[in-house]
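Chemist:
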Amino acid sequence: MTKSDLADVYKGYIACLNEQDWPRLEHFVHSDVHYNGERIGLSGYLEMLEGDFRAIPDLHFDIHLLISEPPRVASRLHFDCTPKGNLFGLPVNGKRVSFAENVFYEFREGLIEKVWSVIDKAAIEAQL
Numbered sequence: 084m085t086k087s088d089l090a091d092v093y094k095g096y097i098a099c100l101n102e103q104d105w106p107r108l109e110h111f112v113h114s115d116v117h118y119n120g121e122r123i124g125l126s127g128y129l130e131m132l133e134g135d136f137r138a139i140p141d142l143h144f145d146i147h148l149l150i151s152e153p154p155r156v157a158s159r160l161h162f163d164c165t166p167k168g169n170l171f172g173l174p175v176n177g178k179r180v181s182f183a184e185n186v187f188y189e190f191r192e193g194l195i196e197k198v199w200s201v202i203d204k205a206a207i208e209a210q211l
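First residue of the sequence shown: 84, per our numbering; consecutive thereafter.
#1: What are the boundary residues of the alpha helix (DSSP H) that F144 is part of?
#2: Determine whether the beta carbon atoms of H143 and R159 lie at a separation below 7 Å.
#3: How big is the Cα-Cα spacing for H110 and H117?
#4: Mark K197 as exposed unless 16 or more other C-beta atoms lie within 10 angstroms of its C-beta, in which case mark it buried.
#5: Which residues in the same chain have their Cβ closer than 8 Å to the Cβ of A90, if we skip the five residues on either side of it in sequence?
#6: Is the region 126-137 in contact with the region 169-178, if contact means three or more CB pairs nearer than 8 Å?
#7: Using the Cβ count rule (16 or more neighbours within 10 Å means buried), how would you classify L211?
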């Protein structure tokens, strides 16, 4: 897979998340996916995403930086949203917050197999 192909697959994955098109998720995420070093599988990954959207009804993934170097993608995602209650242990409770996530993906057979995510929790704390 070329750099451009991998970047296009990743953009399709982000569109799938933003549309909450969960039946299509298996076209982007490996059944044996790992998140921050823990094997959670596709069902666990889906459960995590559904929980994110329940906690943050207006969640939207906005790519601000994308680097594709097969078999890996590095991305800086930006969020401007209104979580309903606690977010990452912080009492946001309906306040609009902006923050970033730095996330790295490793692909196998054209699917996301490993995800490492770091969220800028300090940015959220500074807004509360």
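Beta carbons are placed, not taken as given, at the ideal position from N, Cα and C, and that holds for glycine.
Modeler: Looking at the coordinates:
#1: As a first step, residue 144 must be located in the sequence shown, where it is residue number 61. According to the DSSP assignment, F144 belongs to no alpha helix (DSSP H), since it is labelled neither H nor E.
#2: Mapped onto the sequence shown, residue 143 falls at position 60. Mapped onto the sequence shown, residue 159 falls at position 76. No, these two residues do not count as a Cβ contact at 7 Å.
#3: Taking the first residue of the sequence shown as 1, we reach residue 110 at position 27. Taking the first residue of the sequence shown as 1, we reach residue 117 at position 34. The straight-line gap from Cα to Cα measures roughly 16 Å.
#4: Position 114 of the sequence shown, counted from the first residue, corresponds to residue 197. Residue burial annotation: K197 is buried, with at least 16 other C-beta atoms found within 10 angstroms of its C-beta.
#5: For the purposes of this step, residue 90 is taken as the residue at position 7 of the sequence shown. Listed in chain order, the non-local C-beta contacts of A90 below 8 Å within the same chain comprise L149, S151 and V156, local neighbours out to five positions each way being set aside.
#6: no
#7: For the purposes of this step, residue 211 is taken as residue 128 along the sequence shown, with counting starting at 1. Per the 10 Å Cβ criterion, exposed.
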